[in-house]
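A.B. asks: According to our numbering, the stretch in the sequence shown is residues 311 to 841, in order. Glycine included, C-beta positions come from ideal geometry on N, C-alpha and C.
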Amino acid sequence: MIRPLTDAQQRWVDATLDSLTRRERIAQLIVPMLTADTAAPLSIAEFAATTGIGGGHLFGGPVQTIRERVAQVQQAAKVPLLLSGDFEAGCGPRIREGVVWPGEMAVGAAGDEDLARAMGASIAAEATAAGYNWAFGPIVDLAAVKDYQRQVDSYGRDPQAVARLAVAQIQAMQAGGLAACAKHFPGDGFDDRDQHLMTLVNPLDADAWWRQSAVPFQAAIDAGVWSIMVSCIGLPSLDPSSGDVRNPTPAVVSRPLITEVLRERMGFEGVIVSDALNMGGVSYRHRQFDRYRLALAAGNDVIIFVRGVQATLDYLEGCVERGDLDADAIDASVRRVLSLKARLGLHQRRMVDEAASREVYNSLRGQTDADRLAERSVTLVRDTDGRLPLDLPDRAKVAVVLITNQPAERSDLDVFVSTLSAGGWNVTFIRDPQTDAVYDRVATGEFDAVVTAFYFPVQYGWNTTRIHGPSSRCVMSGFPIAHPDTIPVWISFSNPYHLYELPFMDPYLVTYSPSPASQRAAGRALLGQIP
311 MIRPLTDAQQ RWVDATLDSL TRRERIAQLI VPMLTADTAA PLSIAEFAAT TGIGGGHLFG
371 GPVQTIRERV AQVQQAAKVP LLLSGDFEAG CGPRIREGVV WPGEMAVGAA GDEDLARAMG
431 ASIAAEATAA GYNWAFGPIV DLAAVKDYQR QVDSYGRDPQ AVARLAVAQI QAMQAGGLAA
491 CAKHFPGDGF DDRDQHLMTL VNPLDADAWW RQSAVPFQAA IDAGVWSIMV SCIGLPSLDP
551 SSGDVRNPTP AVVSRPLITE VLRERMGFEG VIVSDALNMG GVSYRHRQFD RYRLALAAGN
611 DVIIFVRGVQ ATLDYLEGCV ERGDLDADAI DASVRRVLSL KARLGLHQRR MVDEAASREV
671 YNSLRGQTDA DRLAERSVTL VRDTDGRLPL DLPDRAKVAV VLITNQPAER SDLDVFVSTL
731 SAGGWNVTFI RDPQTDAVYD RVATGEFDAV VTAFYFPVQY GWNTTRIHGP SSRCVMSGFP
791 IAHPDTIPVW ISFSNPYHLY ELPFMDPYLV TYSPSPASQR AAGRALLGQI P
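Take a look at the structure:
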């Protein structure tokens with residue numbers, strides 16, 4: 311459970327709450343995307359000062375740019391801001407200079423709590439050094455079905471294992487001064503569709519839900535997680551008002567799920583935050599202002615990605631005046647938000663120590679552990695004939711064929727190719743080849759081995775991570791086995807379940823991630839440099 315505030319923290323919360331007007335209290339519950347477009351025509355600092363928002367979501371960039379933006383908004387804000395980010399694969403995907411970790415499914419494959427803690431500590435150090443204080447993670451959903459959209463962002467499908475690893479990461483993050491957020495309540499992973507487009511369904515009956523999806527959330531609560539995110543996922547078995555079981559009420563606007571289950575039955579005392587309220591899982595059910603009101607009425611303390619902040623404040627202030635929102639409930643939510651800020655020490659220091667920040671980014675101590683996780687998590691799914699590691703002569707000719715739906719600037723395999731080259735092989739990189747062109751080259755016997763690499767990552771709104779699109783057509787020719795003496799090898803740098811789509815792949819290796827560490831580990835595995 312969450313530890314009580316100190317006397318000094320409690321005094322600050324009480325005094326700050328008493329100093330806020332009704333409108334300012336409502337504003338504390340709003341966290342928009344903090345971009346120039348959101349703030350226009352004001353500057354970001356003017357926007358923070360004028361609206362009185364409780365925080366903002368930062369999408370990243372160079373660390374110096376982020377630090378400068380944080381300084382601007384924190385200096386301008388009457389009450390220190392919660393500044394959130396998504397760091398499921400470490401800070402590197404958001405903060406340009408940060409460490410890119412292989413991600414949660416890699417942690418699950420390694421099954422190592424120490425690595426989960428190391429990842430949490432790395433995220434906390436780098437995020438807080440840039441000015442963030444709230445991470446929207448870890449994901450504690452169960453990867454129950456193979457086509458679950460975010461499978462590589464989950465620790466796995468076993469509730470107890472997910473709970474154990476999540477708690478280790480949460481505790482390390484919060485020990486490092488970064489608020490953690492277990493998501494996506496009431497539990498994703500049982501639906502193969504995308505909540506950015508429609509309301510998902512958790513189909514478990516009540517008993518099964520308590521034995522499965524609830525386990526990691528309850529473990530996080532018991533371990534003292536400071537926040538939980540509620541998403542656009544219906545759970546008909548525990549929300550009798552949800553209507554059509556094929557298209558149920560999303561949890562993010564469900565009072566039975568948020569207040570009765572999460573708050574009362576599970577005993578969560580921290581901040582409950584909505585998932586993005588611009589997602590199709592709720593936006594097609596309720597118009598803009600209605601869904602903001604319904605989310606707060608259901609029991610969310612914070613609503614995120616709100617559009618039109620001033621107009622939203624006008625509307626919500628009117629809701630309180632008319633009795634459509636309970637003023638005491640709003641105050642209770644504000645108190646929880648302020649308590650989170652106090653736990654983070656924002657009442658004492660809201661600015662980043664630039665010298666300490668530079669030290670964090672000059673050393674990047676998490677990189678060694680990220681490399682260790684990558685090597686521990688590489689999984690050999692199939693190798694019927696024992697071909698791996700590859701037994702090839704020096705200067706052997708190896709083709710690396712990348713098949714992906716991503717543009718070149720977001721999907722290079724430079725580290726993988728350079729690792730193989732450094733191992734003594736003559737590597738040719740071929741990206742999204744035309745069918746006949748790659749087949750003809752392999753058929754001539756030009757290559758000793760062909761490594762076919764797939765990268766179809768999680769992307770919101772794409773609705774699949776399966777092999778798809780024009781680039782996948784080259785697979786139909788059978789080019790990896792076009793010559794009888796050429797050794798075929800298959801690797802997925804994202805979705806680990808491609809064997810279902812291409813059951814002939816053998817040998818088949820998965821890394822769960824295209825991170826530099828994972829690319830290096832995959833190359834070393836082929837070379838026989840790691841077990």
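Leaving aside the five residues before and after Leu425 along the sequence, list all residues of the same chain whose C-beta is less than 8 angstroms from its C-beta, in chain order.
C.D. replies: Working through the sequence shown from its first residue, we reach residue 425 at position 115. For Leu425, where only same-chain residues beyond five positions count, the Cβ hits under 8 angstroms are Val417, Asp679, Arg682, Leu683 and Arg686.
A.B. asks: Report the residue from Gly400, Arg377 and Leu572 whose alpha carbon sits nearest the alpha carbon of Leu393.
C.D. replies: Numbered from its first residue, the sequence shown carries residue 393 at position 83. Nearest Cα to Leu393 within the set Gly400, Arg377 and Leu572: Arg377.
A.B. asks: Can you tell me which residues form a DSSP beta bridge with Pro798?
C.D. replies: Walking along the sequence shown from the start, residue 798 turns up at place 488. By DSSP's assignment, Pro798 forms a beta bridge with Val760.
A.B. asks: In the structure shown, what three-state DSSP assignment does Ala489 receive?
C.D. replies: Counting from 1 along the sequence shown, the entry for residue 489 is found at position 179. Under the three-state reduction of DSSP, Ala489 is assigned to strand.
A.B. asks: Would you check if the distance between the CB atom of Phe495 and the CB atom of Val525 is smaller than 8 angstroms?
C.D. replies: Walking along the sequence shown from the start, residue 495 turns up at place 185. Walking along the sequence shown from the start, residue 525 turns up at place 215. In this structure, Val525 does not lie closer than 8 angstroms to Phe495 by Cβ.
A.B. asks: State the start and end residues of the unbroken alpha helix (DSSP H) segment that holds Ala561.
C.D. replies: Here the question's residue 561 lines up with position 251 in the sequence shown. Per DSSP, Ala561 lies in no alpha helix (DSSP H) segment and is marked neither H nor E.
A.B. asks: Are Gln677 and Val373 touching if we call contact CB-CB under 8 angstroms?
C.D. replies: Stepping through the sequence shown from its first residue, residue 677 is reached at position 367. Stepping through the sequence shown from its first residue, residue 373 is reached at position 63. No, they are not a contact pair.
A.B. asks: Any heavy atom of the ligand GDP closer than 7 angstroms to the CB of Ala445?
C.D. replies: The ligand GDP is absent from the structure shown, which contains no ligands of any kind.
A.B. asks: Can you tell me whether Arg321 is buried or exposed? The criterion is at least 16 other CB atoms within 10 Å of its CB, across all chains shown.
C.D. replies: Here residue 321 refers to the residue found at position 11 of the sequence shown. Flag for Arg321 reads exposed.
A.B. asks: Where does the unbroken alpha helix (DSSP H) through Leu548 begin, and where does it stop?
C.D. replies: Locating residue 548 in the sequence shown gives position 238, counting from the first residue. It is not in any alpha helix (DSSP H) - Leu548 carries neither H nor E in the DSSP assignment.
A.B. asks: With contact counted as at least three CB pairs below 8 angstroms, one residue from each stretch, are the segment 623-641 and the segment 462-476 in contact?
C.D. replies: Judged by Cβ distances under 8 angstroms, the segment 623-641 makes no contact with the segment 462-476, as fewer than three pairs qualify.
A.B. asks: What span of residues does the beta strand (DSSP E) with Gly421 cover, start to end?
C.D. replies: The residue labelled residue 421 in the question sits at position 111 within the sequence shown. Unbroken run through Gly421: none, as it is neither H nor E.
A.B. asks: Under 7 angstroms Cβ to Cβ from Thr360, same chain only, skipping five residues before and after it: list those, please.
C.D. replies: Counting from 1 along the sequence shown, the entry for residue 360 is found at position 50. So the qualifying residues of the chain are Leu352.
A.B. asks: Buried or exposed: where does His367 fall if 16 or more other Cβ atoms within 10 Å of its Cβ makes it buried?
C.D. replies: Locating residue 367 in the sequence shown gives position 57, where the first residue counts as 1. Buried.
A.B. asks: Using the three-state DSSP reduction, which class does His808 fall into: helix, strand or coil?
C.D. replies: As a working note, residue 808 is residue 498 in the sequence shown. Note: His808 maps to helix in three-state DSSP.
A.B. asks: Quick one: what's got a C-beta closer than 8 angstroms to Pro390's C-beta in the same chain, skipping five residues either side?
C.D. replies: Against the sequence shown, residue 390 aligns to sequence position 80. For Pro390, where only same-chain residues beyond five positions count, the Cβ hits under 8 angstroms are Gln384, Lys651, Leu656, His657 and Arg660.
A.B. asks: In this structure, how does DSSP classify Thr622 when only helix, strand and coil are distinguished?
C.D. replies: One-based indexing of the sequence shown puts residue 622 at position 312. When DSSP states are grouped into helix, strand and coil, Thr622 belongs to the helix group.
A.B. asks: Pull up the distance between the alpha-carbon of Asp758 and that of Ile801, whole angstroms please.
C.D. replies: The sequence position of residue 758 within the sequence shown is 448, counting from 1. The sequence position of residue 801 within the sequence shown is 491, counting from 1. Taking the straight line from one Cα to the other gives about 17 angstroms.
A.B. asks: Three-state secondary structure (DSSP) at Tyr749?
C.D. replies: Taking the sequence shown and counting its residues from 1, the one referred to as residue 749 is at position 439. Reduced to three states, the DSSP call for Tyr749 is helix.
A.B. asks: DSSP three-state call for Ser649: helix, strand or coil?
C.D. replies: Locating residue 649 in the sequence shown gives position 339, counting from the first residue. DSSP places Ser649 in helix when its eight states are reduced to three.
A.B. asks: Mapping DSSP to helix, strand and coil, what is Ile538?
C.D. replies: Within the sequence shown, residue 538 is the residue found at index 228, counting from 1. Three-state DSSP puts Ile538 in a strand.
A.B. asks: I need the DSSP call for Met786, collapsed to helix, strand or coil.
C.D. replies: For the purposes of this step, residue 786 is taken as the residue at position 476 of the sequence shown. Three-state DSSP puts Met786 in a helix.
A.B. asks: Apply the 10 Å Cβ neighbour rule to Arg427 and answer buried if 16 or more other Cβ atoms are within range, or exposed otherwise.
C.D. replies: Taking the sequence shown and counting its residues from 1, the one referred to as residue 427 is at position 117. With 16 or more other Cβ atoms within 10 Å, it is buried.
A.B. asks: Is the segment 519-533 in contact with the segment 562-569, if contact means three or more CB pairs nearer than 8 angstroms?
C.D. replies: Two segments are said to touch when three or more pairs of C-beta atoms, one from each, lie closer than 8 angstroms; by this definition the segment 519-533 does not touch the segment 562-569.
A.B. asks: Measuring straight from C-alpha to C-alpha, what distance separates Pro546 and Trp519?
C.D. replies: Against the sequence shown, residue 546 aligns to sequence position 236. Against the sequence shown, residue 519 aligns to sequence position 209. Cα to Cα, the separation comes out at about 11 angstroms.
A.B. asks: Could you name each continuous beta strand (DSSP E) segment of 3 residues or more that falls completely within the segment 553-615, going from the start of the chain to the end?
C.D. replies: List check, beta strand (DSSP E) in window: 581-586 and 612-614.
A.B. asks: Just mark Tyr458 as buried or exposed, buried being the case when its beta carbon has 16 or more other beta carbons within 10 Å.
C.D. replies: Position 148 of the sequence shown holds residue 458. Tyr458 should be labelled buried.
A.B. asks: Quick one: which unbroken alpha helix (DSSP H) runs of 4-plus residues sit fully inside the segment 335-388? Chain order, please.
C.D. replies: 346-349, 354-361 and 373-386
A.B. asks: Tyr807 to Asp502, Cα distance in whole Å?
C.D. replies: As a first step, residue 807 must be located in the sequence shown, where it is residue number 497. As a first step, residue 502 must be located in the sequence shown, where it is residue number 192. Our two residues, Tyr807 and Asp502, have alpha carbons roughly 13 angstroms apart in a direct line.
A.B. asks: Can you tell me the Cβ-Cβ gap for Ile340 and Val619, rounded? I've got them flagged as a contact below 8 angstroms.
C.D. replies: Against the sequence shown, residue 340 aligns to sequence position 30. Against the sequence shown, residue 619 aligns to sequence position 309. 6 angstroms between Cβ atoms; contact.
A.B. asks: Can you look up Thr678 in the DSSP assignment and give me helix, strand or coil?
C.D. replies: Here residue 678 is taken as the residue at index 368 of the sequence shown, counted from 1. In the structure shown, Thr678 sits in a helix (DSSP, three-state: H, G or I).
A.B. asks: Quick one: measure Cβ to Cβ for Ile480 and Ala490, integer angstroms, because I've assumed they're closer than 8 angstroms.
C.D. replies: For the purposes of this step, residue 480 is taken as residue 170 along the sequence shown, with counting starting at 1. For the purposes of this step, residue 490 is taken as residue 180 along the sequence shown, with counting starting at 1. With a Cβ gap of about 4 angstroms, Ile480 and Ala490 count as contacting.
A.B. asks: For the segment 692-701 against the segment 714-727, do three or more pairs of beta-carbon atoms, one drawn from each stretch, fall closer than 8 angstroms, so that the two count as touching?
C.D. replies: no
A.B. asks: As a quick exercise: from Asp624, Ala639, Ala453 and Tyr765, pick the residue whose alpha carbon is nearest that of Ala605.
C.D. replies: In the sequence shown, counting from the first residue as 1, residue 605 sits at position 295. Of Asp624, Ala639, Ala453 and Tyr765, the residue nearest in Cα terms is Ala639.
A.B. asks: Does Arg521 pass the burial test, meaning 16 or more other C-beta atoms within 10 Å, or should it be called exposed?
C.D. replies: The count along the sequence shown starts at 1 and reaches residue 521 at position 211. So Arg521 counts as exposed.
A.B. asks: DSSP three-state label for Arg332, please.
C.D. replies: In the sequence shown, residue 332 corresponds to position 22, counting from 1. Looking at Arg332 - three-state DSSP - the assignment turns out to be helix.
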